[in-house]
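Letter 201 of the sequence shown, counting from 1, is numbered 184 in our numbering, and no numbers are missing.
The beta-carbon is built from N, C-alpha and C at its ideal position, and this holds for glycine as well.
These numbers come from a predicted model, not from an experiment.
Structure first, then comments.
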Amino acid sequence: MPLELFENINRQLQPYTKELAYHIMGDPLVLSTLASYLDISAKYGFKVNITTTANNLKTQMYGMLAHDAIKQINFSVNSYNANSHKKLLQEYLEPILGFCSYALEEKKEFFINLRVWNFDEEQSAKAFNHEVFERINAHFATSIDAEAIYEQKPKSIKVARKIFLHFEDYFAWPSLQAPSIGERGFCYGLSSHFGILSSGKVVPCCLDKDGVIDLGDLCQQSVAEVLSSKRSIAIKEGFRDFRAVEELCQKCEYRTRFDVEGL
């Protein structure tokens, strides 16, 4: 996203939120100008959450990632097992664990989540997770037991000061080509959050990476105009009635995680 557009959006977002998340599928660490984006968000008083695969993480980035605007950094550890690349697991984890050590030594106040979002009924990633936990145990002198995690299914485990392992099940990205799971359901899209693509297009949530539900364009409209549009209001009111009005939402498996809360 052009920095000029990004600053304009940050300025407009002040009445709506105190936090920004730099991700909708993309990885912020590919940006050579990431520090400039963080400076802008800090200028407007926002705290920033970053989610990254860490494939591009280098030791020279540690200082930049300790920016005052950062509230939380999520490393998607399971992305290693989900994507093909030439790195060994040790090579992949080394800069992540190195950054964790840096944050501990410098007593940084942001949180670090090591995300392991690869759980399923078949336990298909169990061998990979065993190896990840062994390396984390060796680095932090912890005693994380993979068997216990699969049995007890915790949401998170603290491994050090402000550093956590975070667990979640696999999920499928919603697609119009997927089968419908029905209209009935609830989601927090447009009530607790919404998404802005790098083009300036606004979407109801971070899972609409392709901009299927196009609510408006911040290159041409204001945030207030987009959020008060008939389509935006229909989506919010629909979820208040426990009803998904958009076709993509009707085919989104992720929203089923909120069904109990929506009842």
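Check your understanding: Where does Leu21 fall in DSSP's three states?
Key -> helix
Exercise for review: Use the C-beta contact count for Tyr63: other C-beta atoms within 10 angstroms, 16 or more gives buried, fewer gives exposed.
Suggested key: buried
Point to revise | Straight-line gap, His122 to Gln73 (C-alpha atoms, nearest Å) | key: 12 angstroms
Check your understanding: Looking only at its own chain, which residues have a Cβ that is under 6 angstroms from the Cβ of Ile56, when we skip the five neighbours before and after it?
Key -> Ile33 and Ile95
Check your understanding: Just reading off the beta strand (DSSP E) that Tyr5 is part of, what are its end residues?
Key -> Glu2 to Tyr5
Review point. Hey, is the segment 218 to 230 in contact with the segment 165 to 174, meaning 3+ C-beta pairs nearer than 8 angstroms?
Key: yes
Review point. In three-state terms, what does DSSP make of Thr34?
Key: strand
Review point. Taking the DSSP output, what are the residues bridged to Gln55?
Key: DSSP output for Gln55 lists Asn32 and Phe94 as bridge partner(s).
Practice item. Please report the Cβ distance between Ala131 and Lys91, rounded to the nearest whole angstrom; I am assuming they are in contact, meaning their Cβ atoms lie under 8 angstroms. Key: Rounded, the Cβ-Cβ distance is 29 angstroms, inconsistent with contact.
Check your understanding: Cα separation between Gly194 and Gln233?
Key -> 16 angstroms
Check your understanding: What whole-angstrom Cβ distance do Phe150 and Lys138 have, given they're in contact under 8 angstroms?
Key -> 6 angstroms
Review point. Any chance the segment 199 to 218 sits against the segment 175 to 183, with 3 or more Cβ pairs inside 8 angstroms?
Key: The segment 175 to 183 and the segment 199 to 218 touch, with three or more beta-carbon pairs separated by less than 8 angstroms.
**Study point:** Beta-bridge pairing of Leu(-14) - partner residues as DSSP gives them
**Key:** Leu(-14) pairs with nothing; no bridge assigned.
Review point. Is Lys184 helix, strand or coil by DSSP?
Key: strand
Check your understanding: Does DSSP put Val195 in a helix, a strand or coil?
Key -> coil
Check your understanding: With distances taken between CB atoms, is the gap from Val60 to Val115 smaller than 8 angstroms?
Key -> Judged by beta-carbon spacing, Val115 lies within the 8 angstroms limit of Val60, meaning their Cβ atoms are closer than that value.
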